[in-house]
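Trainee: A single structure is presented below for examination.
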Amino acid sequence: MDSEALLDCVTSLSCIVTQTSTGLIVGSLLFLVATGLTLIFGVLGIVNFAHGSLYMLGAYIALSAFRITDSFILAAVAGALGVGLFSLFFERFFMRRVYGADVLMQLLVCYAFILILDDAVKIIWGSEFQSMGMPAYFQEPPVFIAGGVIPVFYIYLIGISASIGVGLWLLLSKTKIGKIVRAAAVNPSMTSALGLNTSLIFAGVFAFGGALAGLAGALAAPVRSMSPGMGFSILIESFIVTVIGGMGSVSGALVGALLIGLIRSFGSIGFPYFIEGIMFIAMAIILVVKPSGLMGKETR
Amino acid sequence: MKKRSQAVASQQRRQVIKGSVAALGLASIGLPSISLAQNKPIRIGMPTILSGRVAMLGESSRNAAIMGVEAFNAAGGLNGRMVELVIRDSKGRPDEAARVTRELVNSDGCDMILDAEASSGAFAVHEVARDLGFLVIHTCSETSSLTADPKMRIPNGFRAARQGVHDAIVGGEYAGGVAKEKGLNRWMSISPDYSYGLDTTAEFFEYLKYFNKDVEVVNSVWPKLFQADYSEPITRLLQGKPQAIYSCLWGGDLTSFIDQASIYGLMKDRQFFGVNMADYAVLTAIKAVPPNIHSGNRYLKSIPKTAQNAAWCDAYVAKFKTMPLNWSWENAVGIDFMLAAIKQANGTDTAKMSEALKGMTIKSPFGTDGTITMRASDHTIIDYAIAWGDLTTKEPYMAKPNLGNWKTVLELEKLWMKSKGYIS
Amino acid sequence: MTAGSFSREALIAAIVLAVLILIPIFSDSSAAVDFGIRLAAFAVFATSLNMLVGFGGMVSFGHALYFGAGAYSFGLIMQHFQLPIPLAFVLAVCFCATVAAVVGAICVRLKEIYFAFLTLAFQMLFHSIIISWTSLTGGDQGLMGGLPRPPFLGLDLVNPTDLYWFAVVVGVGSLLAMRYILQSPFGYTLRMVRDNPDRAKFLGVNVWRVKLLAFVLAGGFAGVGGIIMALLVSGAFPEFTYWTMSGEAVFMVLMGGVNTFIGPVLGAALLLGFNDIITRVTEHHGLALGAIILLFALVFKHGITDFIVQGWQRITGKKVES
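Chains as they are written, first to last, in this note's numbering: chain A, 20 to 319; chain B, 3 to 426; chain C, 21 to 342.
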């Protein structure tokens, strides 16, 4: 526990700027992934344990797309769409069959897919780690704010995540589609009785959630090497975020992701050796004190 | 205990019956019954990691071992007996490594084990070898204590891989010189938070400070193994304002770190000492190799700069369509030692092979002077080529290597062993 | 449950035990011996989990905490104290039960998915501790140097056949003990708490205490599985406490059947068998195992024994007592 270093940092503006931006960087990607997870749980009632593998798939699809088109934008779109389509297929033919069943059956189906996807990725792209590399137009020197350092690429990432977050909030609260989705989340049988096609809604939400994870994988690809099995760590982290934020709540995913991001960045100064433990303790505390999460509602 | 002696007795009875039937049957065909046993292939079991994040380790190890076995068989094998490799995937789990090893030895007829497992798996396999008594040569674990610690020593266990402390001595001497030359007194490190990372970094700094008393290690950051995001460690490094950074990050982690560090401008005006940079997987993956990078050789075609090394590398690339990695040369040396032991023992008797291996010197393309020796005292290899130097962006990557002087290495290693209490 | 029906089960157990003990005498397959030892460890581990999942209605994602705790505590005791194995065994199991009591006291009041996640959080916390406390546990490399295994009662556990006999005796004994517990009044109270906790409360049952006791018992027996594993690999590894180990137990329970006692044992045998066969036959074990699991989840939709029991019920019209 290095409280001296932590105090030093908190009293220095440049350090605060740097660490906060680091927290935002970590948090924004985590927000995308966790939002997909929480939406799927909130509307379909499914805990999508395969979510980390969808992230991995997005990264690899983006890698191939980038190698073919040399355009990062196309690569990111390809990653999101590709994973969205795959999620649709996954939901329609596999998850649909275990909707009513025990959470353990859902876990089993998702685990089977994790195994299959890891092997598939290894067969298609090889077992060696791959690196996309930073596209030329992002290779600029970092920006300095009040002495703190922020890379340009990350500013774009935070911007993209923020816009998606705002867009999603608008979609859910202000549009008709959003109302329908929220209705299906609260009471699917009533929604269906009102003549709305709940299975279409479910499929759409699952595809959208998956696409978000795929997009996150694609966005992170320029700076993170990828290898088969890379989905596990993001899966665990996004679970921690969803539990802390509240399962089913998008604003909870935001709060949780930012919290975890900041815990990581400031915690790595104060408690460098025990940062993992701290996150699990935070998760445990929330589960004991307010199981529905910081922004979650008491029901469900 | 009654049950056990009954079991042994009945087993002996069964062996005798089996043997006599076989002898009778063969005698009736007119063949001496010994010749069949002589033509039986020699099976070498190879537990390794072929899936998951470290699958490259298994693939590169397997390729090199296959090359070694094929060459041996092409030259006639052991008096006509061919060698077979039986390879199994432990998926990186030590308990699975132990199970697979037992299966190879007990059920698959393997006479010995070429263990291409990472550190924790190697420790697991080592314990199986201690219990069951077969010959094992570890080829991927670089943890010094596997052979240095007397508690770990067994007469049938050997290691044909670089040792962390050897690498640290050569690296420390080289880096100490560079630090003196460029006035690099303020150092930081970023290494993965697990035994390899912690031990290797500590050893490097110990020898850096030994060779250059002005060096000061200001701080160290320890990201988790396979951590995807390095923003926090990078910003810590930026805040520490070091003149030089050391890292033993490897593989995909090293690539991610370098890619992320470059968008932060971390490497600008700094010297970076990355012991695992000079590895073909990393060198070909990183698109923007920063300037001012120094590394130790993991495997490079040009180190040592001999015709044998170049030929081995070319043969590997021709056969497997990919460049050899660090684990490749280690397994090549391991299989060479194993095959040499079989030849010298004229068979697969564990005691004879182990005796042959102690102190054995073989010709090797990876030796500093063309040979590598299996040290008798602690069953690990010495005289393999270790070099440090600065890196460029294309072959030969390390244009001016500083080859380690083994005399220095051995002297300092002895002091290190004393300090750890491994020798008195 | 009457004394009569239990002694019938004890008789069945004795017969099974006798058959198991005789196997290495009549066959010199060392594969069978190794499989038997591993099956003993995992059958006990999986059945202990099913005490919680199937019989208690408490889905735990963090059960490997006790498996690992058993392996590590036993390993550390043997390495540092050279006690006789039976004594170390008892001490290690007590340690696991104590940890389960502490963790359970916090967890069992939660419901469903939250309970599952909290048990997982505690397990990963334990894992972090094991990995960081390198001086005690060896960190990510596990307990190195092997376990001293002094002979006792004429058994030398370094010898695989002796270890097999020890493992099957301990395994069958633990299963019998768990069966006894689940067929006892406590076991039926546990089932009632699973089916209708409110009703149980009205009948005066202290639900929290029942669940906690089940949790402690399950933890202790999981520790037994861990000890057998530690003896087999002569050490302990942090992978024993990782969530993937919990996942394995969950799959064994699911594939074998949550509603019967013997389900998890069968599931353990199936999963171990699949694993062994697949890794010999193909390099793409992910695809193979994934396909098999999908078959169970989507086609059978139940574990094997549940499938069989349901089929039997449909054919004969009789309801089977689990």
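We put the beta carbon where it would ideally sit given N, CA and C, even for glycine. Since the model is a prediction, treat every value here as computed from it, not as a measurement.
Tell me, please, whether the CB atom of V45(A) is closer than 9 Å to any CB atom in chain C?
Mentor: Not an interface residue.
Trainee: Determine, for A303(A), whether the minimum Cβ-Cβ distance to residues of chain C falls below 9 Å.
Mentor: yes
Trainee: Is V242(A) close to chain B, meaning its C-beta is less than 9 Å from at least one C-beta of that chain?
Mentor: yes
Trainee: According to DSSP, simplified to helix, strand and coil, what is N294(B)?
Mentor: DSSP places N294(B) in coil when its eight states are reduced to three.
Trainee: Helix, strand or coil for K184(B)? Go by DSSP, reduced to three states.
Mentor: helix
Trainee: What three-state label does DSSP hand R83(B) in the structure shown?
Mentor: strand
Trainee: Kindly indicate the opening and closing residues of the beta strand (DSSP E) around M374(B).
Mentor: A small fix is needed here, since residue 374(B) is Ile in this sequence, not Met. That run of the beta strand (DSSP E) goes 373–376.
Trainee: Return the residues of the stretch 41–61 of chain B that lie within a Cβ-Cβ distance of less than 7 Å from chain C, sorted by chain order.
Mentor: L52, S53
Trainee: Which residues in chain C have a C-beta closer than 7 Å to the C-beta of K422(B)? List them in chain order.
Mentor: Within 7 Å Cβ-Cβ: nothing; K422(B) doesn't reach chain C, min ~14 Å.
Trainee: How about T370(B) and W408(B): do their beta carbons lie closer than 9 Å?
Mentor: yes
Trainee: Thinking C-beta only, is P241(A) closer than 9 Å to F148(A)?
Mentor: no
Trainee: Residues in the same chain with beta-carbon distance under 8 Å from S33(A), minus the five sequence neighbours each way, listed in chain order, please.
Mentor: A165, G166, G167
Trainee: Kindly say whether G310(C), judged by its beta-carbon, lies nearer than 9 Å to any beta-carbon of chain A.
Mentor: yes
Trainee: Against chain A, which members of the stretch 242–263 of chain B pass a CB distance test of less than 8 Å?
Mentor: G253, G254, D255, T257, S258, D261, Q262
Trainee: Relative to the C-alpha of V138(B), which residue among S147(B), T145(B), E144(B), H128(B) is closest?
Mentor: Comparing Cα-Cα distances from V138(B) to each of S147(B), T145(B), E144(B), H128(B), the minimum goes to H128(B).
Trainee: Mind checking who I364(B) pairs with in its DSSP beta bridge?
Mentor: I374(B)
Trainee: Which residues in the same chain have their Cβ closer than 7 Å to the Cβ of T37(A), if we skip the five residues on either side of it in sequence?
Mentor: Within the same chain, T37(A) has close Cβ partners G167, V168.
Trainee: In this structure, how does DSSP classify I35(C) when only helix, strand and coil are distinguished?
Mentor: Note: I35(C) maps to helix in three-state DSSP.
Trainee: With a threshold of 16 other CB atoms inside 10 Å of the CB of W153(C), please say whether the residue is buried or exposed.
Mentor: Counting Cβ neighbours within 10 Å, W153(C) comes out exposed, since fewer than 16 surround it.
Trainee: For H100(C), report the span of its beta strand (DSSP E) as first-last.
Mentor: Annotation for H100(C): no beta strand (DSSP E) segment contains it, though the alpha helix (DSSP H) segment containing it runs 84–101.
Trainee: Given T181(C), which residues of its chain have a CB within under 8 Å of its CB, disregarding the five upstream and five downstream residues?
Mentor: P44, V53
Trainee: Distance, Cα to Cα, A220(C) vs K231(C)?
Mentor: 12 Å
Trainee: Considering only their Cβ atoms, is the gap separating I179(A) from A203(A) smaller than 9 Å?
Mentor: Cβ distance not < 9 Å, so A203(A) and I179(A) don't count as in contact.
Trainee: Check G197(A) in the structure and name its three-state DSSP category.
Mentor: helix
Trainee: From V227(C) to V213(C), what does the alpha carbon distance come to, in whole angstroms?
Mentor: The alpha-carbon atoms of V227(C) and V213(C) are separated by roughly 7 Å.
Trainee: Which bits of chain B does S284(A) rub up against, with CB to CB less than 7 Å?
Mentor: E234
Trainee: Taking buried to mean at least 16 other C-beta atoms within 10 Å of its own C-beta, is I265(B) buried or exposed?
Mentor: buried
Trainee: Please name the residue, chosen from K420(B), D231(B), P152(B), that lies closest to L49(A) on a Cα-to-Cα basis.
Mentor: D231(B)
Trainee: Between the Cα of L134(A) and those of I335(C), H304(C), Q333(C), L318(C), spot the shortest distance and give me the residue it belongs to.
Mentor: H304(C)
Trainee: Taking C-beta pairs closer than 7 Å, name the residues in chain B that G248(A) reaches, listed in chain order.
Mentor: G54, R55, listed in chain order.
Trainee: Roughly how many whole angstroms lie between the Cα atoms of M419(B) and T145(B)?
Mentor: 14 Å
Trainee: Would you mind working out which of G78(B), A170(B), S197(B) sits nearest I151(C), comparing C-alpha positions?
Mentor: Taking the Cα of I151(C) as reference, the smallest distance to any Cα among G78(B), A170(B), S197(B) is reached at S197(B).
Trainee: Does T141(B) pass the burial test, meaning 16 or more other C-beta atoms within 10 Å, or should it be called exposed?
Mentor: Buried, since its Cβ has 16 or more Cβ neighbours within 10 Å.
Trainee: Tell me, please, which residues DSSP counts as bridged to M48(B).
Mentor: In the DSSP assignment, M48(B) forms a beta bridge with I89(B).
Trainee: Which residue from V73(C), A141(C), M249(C) puts its Cα closest to that of V190(C)?
Mentor: Selected option, being the one with the closest Cα: M249(C).
Trainee: Buried or exposed: which applies to P161(A), given that a residue is buried once 16 or more other Cβ atoms fall within 10 Å of its Cβ?
Mentor: buried
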